[in-house]
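All remarks here apply to the structure that follows.
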Amino acid sequence: QVQLVESGGGLVQPGGSLRLSCAASGFFVGSYAMSWYRQAPGKERELVATITSAGGSTNYADFVKGRFTISRDNTKNTMYLQMNSLKPEDTAVYYCNVVRLRAYWGQGTQVTVSS
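Mapping of the sequence shown onto my numbering: position 24 corresponds to residue 24, and the numbering continues sequentially without gaps.
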């Protein structure tokens, strides 16, 4: 049974940092491409970053390039999103995602960037 559990969200001031975690079970994170998405109030869910399976290549949305880093730890079966230089417009619920026959989502973790 595939399960994704996000953690690490919270309230941070502009310019601050957070690291989100996505603990996976029911599959091996190193075998599938995985992604982080986010959804702000009143907006559609949008892709933030992806890490591929083989080789671990990464891709980022333009609005987070140079600030966010996606990674995974195969030994912990966990994916991460390091977020630096946070802006108020980064405020959203962040979700991790994997497609394994179908799309699976975690419950989300709230990130609020505000002074």
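We treat Cβ as the ideally placed atom computed from N, Cα and C, and that holds for glycine.
Which of the three DSSP states, helix, strand or coil, is assigned to residue i?
{"i": "V29", "result": "helix"}
{"i": "G56", "result": "helix"}
{"i": "E44", "result": "coil"}
{"i": "D73", "result": "strand"}
Is it the case that the Cβ atoms of residue i and residue j are separated by a distance below 9 Å?
{"i": "Q82", "j": "S17", "result": "yes"}
{"i": "T52", "j": "A24", "result": "no"}
{"i": "G8", "j": "N74", "result": "no"}
Leaving out five residues on either side along the sequence, give the residues of the same chain with a beta carbon under 7 Å from the beta carbon of residue i.
{"i": "V64", "result": "V48 and A49"}
{"i": "A92", "result": "R38, Q39, A40 and V111"}
Since residue i and residue j are thought to touch, with beta carbons under 8 Å apart, how far apart are those beta carbons, to the nearest angstrom?
{"i": "V99", "j": "L4", "result": "Not confirmed; about 12 Å, so no contact."}
{"i": "Y104", "j": "W36", "result": "Contact doesn't hold; Cβ gap of about 13 Å is too wide."}
Using a Cβ-Cβ cutoff of less than 6 Å, which residues in the same chain neighbour residue i once the five nearest sequence positions on both sides are dropped?
{"i": "L136", "result": "A question about residue 136 goes unanswered here, because the residues of the chain that appear run from 1 up to 115."}
Practice task
Run through the region 3-29 for me and flag every whole beta strand (DSSP E) of 3 or more residues, listed as ranges in chain order.
Solution key: Here the runs fully enclosed are 3-7, 10-12 and 18-25.
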